[in-house]
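Be aware that the sequence shown starts at 93, since it is given in our numbering, and climbs by one per residue.
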Amino acid sequence: MQREGERLNAYLRTRSAGAGTTSLIELSRPDSSGQVLLFAHPVGGSLLAYQPLVRRLGDHRCFGLEASART
């Protein structure tokens with residue numbers, strides 16, 4: 093399972109660097125190697141809405157896709 097997460101992470105970083113429309117943000121990095129969760133941004137484009145949930149997830153490593161500001 094960890095290998096798939098690493099591949100997804102690498103793919104998303106490549107896509108976000110090239111497209112300039114989304115960013116992969118690490119929301120939590122616990123000491124343990126728990127499951128990885130991925131969140132997509134809500135309508136407003138910010139991941140702040142997930143902060144209370146991420147705090148309660150404990151040993152889960154959490155990432156989020158956040159919309160970048162368009163200039």
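Virtual Cβ for every residue (Gly too), placed ideally from N, Cα, C.
Environment of residue i [buried if 16+ CB atoms lie within 10 Å]
i, result
"Glu98", "exposed"
"Leu139", "buried"
"Thr163", "A caution first: Thr163 carries a pLDDT of 42, below 50, which makes its placement in the model unreliable, though a value can still be read off. So Thr163 ends up on the exposed side."
Own chain partners of residue i with C-beta closer than 7 Å, once the 5 adjacent residues on each side are dropped
i, result
"Val146", "Leu119, Ser120, Cys154"
Inter-residue Cα distance where the pair is residue i and residue j
i, j, result
"His152", "Tyr142", "13 Å"
"Asp123", "Gly136", "31 Å"
Sequence-distant residues of the same chain with beta carbon closer than 6 Å to residue i, five excluded per side
i, result
"Phe131", "Tyr142, Gly156"
Bridge-paired residues (DSSP) for residue i
i, result
"Val135", "Paired residues: none, contrary to the question."
C-beta contact flag for residue i and residue j at 8 Å
i, j, result
"Leu129", "Leu149", "yes"
"His133", "Ala159", "yes"
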